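**Q**
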Amino acid sequence: MGNIKELDENTINKIAAGEVVERPSSIVKELMENAIDAGATMISVEIEDGGMKSIRITDNGIGIEKEDVRTAFLRHTTSKIKTAADLLCVTSLGFRGEALSSIAAVCQVELLTRTNSSMEGIRYRIEGGKEVGYEEIGIPVGTTFIVNNIFFNTPARRKFLRTAQTESGYVSDIVEKIALSHPEIAISFKTNGRVRIHTSGNGNLKDVIYSIYGKEITDNIIRLNEENDFMKITGYIGKAIISKGNRTYENYFINGRYIKSNIISKAIEDGYKFILMQHKYPFTVINFEINPEYLDVNVHPSKMELRFRKSEKIYPMISDWVHNALIEKPNIIDVKLHQDIEKKENIKYTPEPFETKRQKLFDERDKSSKYTQNNVVREETAYHNTSASDSVNPLQENRNALSLEQGKPIQREVTDVYDNFLSNIAKDKHKIIGQVFDTYWIVEYGDKMYIIDQHAAHEKVMFEALMEKRKSKQVSTQMINPPIILSLSMNEANLIEKYLDNFKEIGFEIESFGGQDFTVRGVPSDLYTLDSQDVLMEIIDNLTNEAGKMSPDILTDKIASMSCKAAVKGNSKMSFAEADQLITQLLSLENPYNCPHGRPTIISMSKYELEKKFKRII
Ligand code: ADP
Ligand code: MG
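Its first residue numbered -6, the sequence shown is counted upward by one per residue in our numbering.
(1) Give the range of the alpha helix (DSSP H) segment to which Ala98 is assigned.
(2) Just to confirm before moving on: does the CB-CB distance between Gly228 and Ile279 stay below 8 Å?
(3) If you draw a straight line from the C-alpha of Gly(-5) to the C-alpha of Met45, how long is it?
(4) Quick check: the Cα distance between Ile307 and Phe66, rounded to an integer number of angstroms?
(5) Between the segment 45 to 63 and the segment 74 to 87, are three or more C-beta pairs nearer than 8 Å?
(6) Which word fits Asp409, buried or exposed, when buried means at least 16 other C-beta atoms lie within 10 angstroms of its C-beta?
(7) Can you check which of these residues, Leu269, Arg609, Ser505 and Trp314, is closest to Thr594 by C-alpha distance?
(8) Do Ser165 and Phe182 have their C-beta atoms within less than 8 Å of each other?
(9) Does DSSP put Pro344 in a helix, a strand or coil?
(10) Quick check: what's the CA-CA separation for Val168 versus Ser161?
(11) Tell whether a beta-carbon distance below 8 Å holds between Met310 and Ile171.
(12) Say whether the segment 602 to 610 touches the segment 473 to 483, bearing in mind that this needs 3 or more beta-carbon pairs closer than 8 Å, one atom from each stretch.
(13) If you measure from the CB of Gly135, is any heavy atom of the ligand MG nearer than 7 Å?
(14) Between Ser416 and the ligand ADP, is there a pair consisting of the residue's CB and a ligand heavy atom that are separated by less than 7 Å?
(15) Quick one: what does DSSP say Asn391 is sitting in, helix, strand or coil?
(16) Taking buried to mean at least 16 other C-beta atoms within 10 Å of its own C-beta, is Ile205 buried or exposed?
(17) Report yes if the C-beta distance between Asp440 and Lys600 is below 8 Å; otherwise report no.
(18) Are the beta-carbon atoms of Val14 and Ser111 separated by less than 8 Å?
(19) Report yes if the C-beta distance between Met455 and Ala560 is below 8 Å; otherwise report no.
(20) Taking the alpha carbon of Gly207 as the reference point, which residue from Asn221, Asn218, Ile190 and Asn195 has its own alpha carbon closest?
(21) Relative to the ligand MG, is the shortest distance from any of its heavy atoms to the C-beta of Ala92 smaller than 7 Å?
(22) Taking the alpha-carbon positions, what's the Gly126 to Thr137 distance?
(23) Where does the unbroken beta strand (DSSP E) through Ser19 begin, and where does it stop?
(24) With a threshold of 8 Å, are at least 3 pairs of Cβ atoms found where one atom belongs to the segment 146 to 153 and the other to the segment 19 to 36?
(25) Between Ile252 and Lys322, is the Cβ-Cβ spacing less than 8 Å?
(26) Mapping the DSSP letters down to three states, classify Ile205 as helix, strand or coil.
(27) Measuring alpha carbon to alpha carbon, tell me which residue in Asp52, Gly591, Ala10 and Arg514 is nearest Asp263.
(28) CB of Arg118 to nearest heavy atom of the ligand ADP: below 7 Å?
(29) According to DSSP, what are the bridge partners of Phe138?
(30) Taking the beta carbon of Arg89 as the centre, do at least 16 other beta carbons fall within 10 Å, making it buried, or is it exposed?
(31) Going along the chain, which residues of its own chain have a beta-carbon closer than 6 Å to the beta-carbon of Ala10, five neighbours each way excluded?
(32) Contact criterion: CB-CB distance below 8 Å. Does Gly238 meet it with respect to chain B?
(33) Cα-Cα, which of Glu219, Thr241 and Lys462 is closest to Thr277?
(34) List the DSSP bridge partners of Pro517.
(35) Rounding to the nearest angstrom, what Cα-Cα distance links Asn317 and Asn109 in this structure?
(36) At the level of alpha carbons, what is the spacing between Ala570 and Trp434?
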């Protein structure tokens, strides 16, 4: 007698359950997806003890026909596809017909369901794959699944579950992702009776983001809305300030399906290149609508991964769209000293009594002398682009704006002109106030004070200049005499040999001297001020670590780190003229807001903030 036997259905289901049902969150994911496929506009999820004790999911979808109830729990039974050909254009979230059979194999399940066409609903109970009840019952249209005691019949697997709190966290993650991918569905999530997530289902993604992540995140997101023949992307991406140390905030969905994809993650992160600090990951909620023909969703049983048929097209599209959205709008971090919301209208000024006096004094002095205090400062520093004749007395401006003499509440006049610190018109009106801590420059403009980090700014300017030169192949080399002689290890020598052309491209003039020795006769002129040998060795060290991966990208990273080294450090004095030039250069860049490592270059604080702090505004 042979040894090979066919497994019984129950055993097969238990094995399949191993793939589909890993923990309570996998059950929640499958059942919520079923509810979405059933056209629900409301889904409520309640769990107890992290879902290990019970999970209850109710929807107002189409329900399951009486005669389909038992079939639905068999393996590979589905209403969503009929033939293999349908796999190529699946639009539903489910299609494998494995979830219900798998869940029922390892849990105690109760199903309540009714369709529109039926007067009565069905209450069906199945435990460990065995039917334990089937009866008619009066219930509303829709479906409720109650799943108790996960892995009650496979105790070994139960041992792999974590604490209730951890499991509840996993469930919460799934509910969040699904809520974000379906703002048109009202979703609620309760754990041990406490409401954790509640979305209104009004279709507004920003509202969902607010209810899940709160105000700080919602205040710092940028809208994405792009489309071409190939795909459409909508959603929000976070500014650098709300980035995280890991990828948990990177949400993206393809055709309503929450997935994980290395290609998409990398493409998004590429869009953030030089905007985020190293080892920081963005906040995103992006919906991709891609023709199902270009996708293969049939990769993993839990369907979290998917393959693209045209990934080479998708990658650059995504990174460009993300990048462009990020640099489109001014992205200056606004510093708030207090928590309450800024109200722009009807700001009440309470002038101090001494101010009225001081004001009078200034007025009189203005009349009697053309060299007011401020004009003197101006002449000494001569940092402004504006000619003397059209320069405005900043104090005068200030006074006009505040109307202190009248002591009446006034409304500030802030025009659009003032909104964009970077615009050409704005530049002429920047008032460079001075440097603090030998590092930061304060610039007044409109109703804001801008603070610029001279090191980050310089770094950014140098970086862009180097990149520009490299692009236009205008890298210049500064010859050095005597040349540097490098005696390298075999490994290092091989690397330098291999990448000689690349080094040339960034401005190094290196020759092999025979054996493992090299002469460096020229260095990039922008880096001339640095210890060239150090810079070169650092690049070689880095290359050793990333052996074999030399690419234009790595070169770019090197340029970034070189320019960082060459840039003026914080804690050094700079003249007004130098600062003026630096700021002008910085503000003319496409993205002036971050240094190549993602640190901010400019932050701002509004007059309102200060007035609030000094209690002039109540
Ligand atoms: P799949 O979702 O891959 O089709 P499932 O095992 O998850 O497989 O579900 C089997 C079938 O049960 C589905 O195809 C669907 O017809 C039905 N079903 C499951 N859940 C629901 C629900 N909440 N509302 C209506 N029908 C449902
Ligand atoms: Mg399903």
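For every residue, glycine included, the Cβ atom is placed at its ideal position computed from N, Cα and C.
All values derive from a computational prediction rather than experimental measurement.
**A** Concretely, from the data shown:
(1) Ala92 to Val99
(2) yes
(3) 41 Å
(4) 38 Å
(5) no
(6) exposed
(7) Leu269
(8) yes
(9) Residue placement at Pro344 cannot be trusted, given a pLDDT of 47 that sits under 50; what the coordinates show is reported in the next sentence. Of the three classes helix, strand and coil, the one that applies to Pro344 here is coil, per DSSP.
(10) 10 Å
(11) no
(12) no
(13) no
(14) no
(15) Unreliable placement is indicated for Asn391, whose pLDDT of 33 sits below 50; no coordinate value is reported for it.
(16) buried
(17) yes
(18) no
(19) yes
(20) Ile190
(21) yes
(22) 15 Å
(23) No beta strand (DSSP E) contains Ser19, which is instead part of the alpha helix (DSSP H) from Pro17 to Asp30.
(24) no
(25) no
(26) helix
(27) Gly591
(28) no
(29) Ile50 and Leu104
(30) buried
(31) Ser95, Ala98 and Val99
(32) In the structure shown, chain B cannot be found, because there is only a single protein chain.
(33) Thr241
(34) Thr470
(35) 48 Å
(36) 12 Å
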